[in-house]
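What follows is a single structure, written as structure tokens, with notes after it.
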Amino acid sequence: MKWIGVLLLISMSTALGWEWGRALKQRPKHIQLFLQSLQILEAEMVYSQVPLQEAFQIIGKKIPNPIAIFYQEVAEELKNQEKDFDEIWSGGVRKLIEQSSLQKSELEILIQFGRTLGQHDIEQQQKHLKLTNLYLEEQWKKAAERFNTYGKLSNVLGLLCGIFLALLFI
Amino acid sequence: MNEILRLFPPYFQDRIEDLVSRRWSQLQEIRVRMHQKIEFIFDSSICWLDKPLPTKKEAIYILNQLSEYSLYRMEEELRNGYITIEGGHRVGIAGGIIMSDRRVKAIQPVSFFNIRIAKQKKGCADGLMPYIYDGSYHHTMILGAPQSGKTTVIRDICRQIAIQSDSNRSKKVTIVDERSEIAASIRGVPQHDVGERTDVLDACPKAEGMMMAIRTLSPDILVVDEIGAANDVEAIIEASQAGVKVICTIHASDMADLYRRPTLQKLLDESIFERFLLLGQGKKIGKLMHAFDSDGKQINLKRRGGGIEMDWRTAFN
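Those protein sequences? They're chains A and B, same order as listed.
Per my numbering, the very first residue in the first sequence carries number 222; after that it's consecutive.
Per my numbering, the very first residue in the second sequence carries number 384; after that it's consecutive.
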């Protein structure tokens, strides 16, 4: 009986450690994807001058998940046009944060960005895009750093924590 | 009327529908002003929507609906002060003006909207067609005071000329639509029925557009709205020399107004236009008051019998 408990404890904490490591690894990737999507968005806005909904659909096809789903969903919601853009966007961003490895710090940046989308002329819009790019890049650097320091450690750390706890209980 | 209702937030839509109910066909304008009652102008009456009053939030909502949440696409429209929406309706906007290099750069924030409901009156030019065509087309100038329906009439003329038909009345038409009023194009696609054989140069300066059309589109008939500038006149003379018939409108309440305009002098001296059709004001759009030929002599087809009018209709419909 005791040994089963010990085994469970160790495998649990190992899994948690893995999960943590995965999130650490995914976060810079997801931020990078979002940065890419902003680049496409800028091109669609400035050169093709398509409406946002169409631009989102285009991005949804070009960028891999989970960012693609976010854009597709927002584009879909924009069709029924009863809500404010701001609401639709921030609702989408919240969902994205849940489903991806993006974190609270990104949430604020993206919601702020949503408030400016489609409300200004091209020059202003480009400035806001640049600003959002800068913020996200900063987050990306931080996330990459965190991954470098804790990434490899996390897997082992989970296992070790499990063993340590097991020893304590025995 | 969905394309108009959708501009308003949902909690306005029901009230507007209640107020207008069956009078959509009489509605001419809806005027939205921040913190003022929304004004509805019908053919013969005016109504106000007492509650709720539009605020900044609603103004932004309307603007977002107009631009499909994409104001960055509206640069040109914000500069010109009007936006064409589906169905050919036009929304005039006003508010704070932003200047740059002594020119209007944009209107922002927008706090006044004038939603002008477009109505295409098919057949409103029936009375004019016999003057424009009697075996061949004539250079025609349509005169009228503001609100006399010049644009509506010229749109119907386009439609009737460019209708698909084997008869030689059907011709290729090019519209140079500088203010996007005749065809009311969105992204280059006309929202009004301007005939199957019509090409439209949308938002194109008249003088340049006329030359472009002659060079590349080989029209039989060239249609332009509201001429007046000196280079328009040059272009019309050029077009007439190229064998293209020109039909245009001009702001003038009678023939004397025309002779008073110095820019048109050359046009009148060379007596290019063979028909001057003066529209009357009143409820009926396209009511012809007088018709003149190139020498300024009045012509009247009615005396020759109403048969011509009938003939025209049967040939086309």
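We put the CB at the ideal spot given by N, CA and C, even for glycine.
None of the values given here were measured: they were computed from a predicted structure.
According to DSSP, is residue i helix, strand or coil?
i	result
B/C541	helix
B/R658	strand
B/R580	coil
A/L237	helix
B/P573	strand
B/R687	With a pLDDT of 46 at B/R687, under the threshold of 50, the predicted position of this residue should be treated as unreliable, and no value is reported.
B/D652	helix
B/E412	strand
B/T697	A caution first: B/T697 carries a pLDDT of 48, below 50, which makes its placement in the model unreliable, though a value can still be read off. In this structure, B/T697 counts as helix in the three-state DSSP scheme.
B/M594	helix
B/I399	helix
B/L671	strand
B/S568	strand
B/A612	coil
B/E325	Outside the shown range of chain B, which is 384 to 700, sits residue 325 of chain B, and nothing can be said about it.
How long is the line joining the alpha carbons of residue i and residue j, rounded to whole angstroms?
i	j	result
B/D549	B/G578	14 Å
B/L651	B/T632	15 Å
B/S563	B/K589	11 Å
A/Q278	A/E303	19 Å
B/E458	A/Q333	23 Å
B/D637	B/L661	7 Å
B/K670	B/G506	12 Å
B/R462	B/R485	13 Å
A/L389	A/L338	55 Å
B/T646	B/D615	9 Å
A/A421	A/L256	The question about residue 421 of chain A has no answer, for chain A in this structure spans 222 to 391.
B/Q547	B/S553	7 Å
B/K504	A/K348	46 Å
B/T467	B/E451	13 Å
B/M593	A/V295	44 Å
B/I490	B/L449	14 Å
B/I565	B/H521	20 Å
B/D426	B/Q411	6 Å
B/N497	B/R414	5 Å
A/L230	A/W310	41 Å
B/C541	B/V627	15 Å
A/Q320	B/W407	47 Å
B/F699	B/Y514	Only weak support is given to the placement of B/F699: the predicted model assigns it a pLDDT of 49, under 50, and the value that follows is read from those uncertain coordinates. So the alpha carbons of these two residues sit roughly 16 Å apart.
A/S232	A/G238	10 Å
A/R315	A/I330	12 Å
A/K282	A/I290	9 Å
A/L299	A/Q274	6 Å
B/G571	B/A508	25 Å
B/A635	B/D576	26 Å
A/A236	A/G379	7 Å
B/K434	B/K420	7 Å
B/D560	A/E358	47 Å
A/A364	A/E240	16 Å
B/S654	B/A612	18 Å
Among all the DSSP beta bridges, which residues are the ones paired with residue i?
i	result
A/I231	None, per the DSSP bridge assignment.
A/G335	DSSP lists no partner for A/G335.
B/C631	B/M524 and B/V607
B/V556	B/T581 and B/I604
B/D676	B/R658
A/I391	A/I391 pairs with nothing; no bridge assigned.
B/Q681	B/F675
B/Y514	Looking at the DSSP assignment, B/Y514 forms no beta bridge with any residue, so it has no partner.
Going by other Cβ atoms of all chains shown within 10 Å of its Cβ, with 16 needed for buried, is residue i buried or exposed?
i	result
B/H418	exposed
A/A264	exposed
B/I668	buried
B/E429	The question names Glu, but residue 429 of chain B in the sequence shown is Ile. B/I429 should be labelled exposed.
B/M482	exposed
B/T581	buried
A/G249	Sequence check: residue 249 of chain A is Pro here, not Gly. Counting Cβ neighbours within 10 Å, A/P249 comes out buried, since at least 16 surround it.
B/E460	buried
B/W431	exposed
A/M222	exposed
B/A618	buried
A/W361	buried
A/I391	exposed
A/M325	It is Lys, not Met, that sits at residue 325 of chain A in the sequence shown. A/K325 comes out exposed.
B/R696	At B/R696, the pLDDT of 46 sits below 50, so the modelled position is not reliable; the number obtained from the coordinates is stated separately. Exposed.
B/D397	exposed
B/I544	buried
Using a threshold of 6 Å, is the CB atom of residue i nearer than that to any non-hydrogen atom of the ligand COA?
i	result
B/H472	In the structure on display, the ligand COA does not appear, and there are no ligands present to speak of.
Every unbroken beta strand (DSSP E) within the stretch 417 to 501 of chain B, with a cutoff of 3 residues, ordered by chain = Runs of the beta strand (DSSP E) inside the stretch 417 to 501 of chain B: 421 to 425, 429 to 432, 465 to 467, 473 to 483 and 486 to 499.
What are the complete beta strand (DSSP E) segments, minimum 3 residues, inside the stretch 352 to 383 of chain A?
-> Counting whole runs of 3 or more residues, the stretch 352 to 383 of chain A contains no beta strand (DSSP E) stretch at all.
Quick one: complete beta strand (DSSP E) runs, 3+ long, within the stretch 293 to 351 of chain A?
-> none
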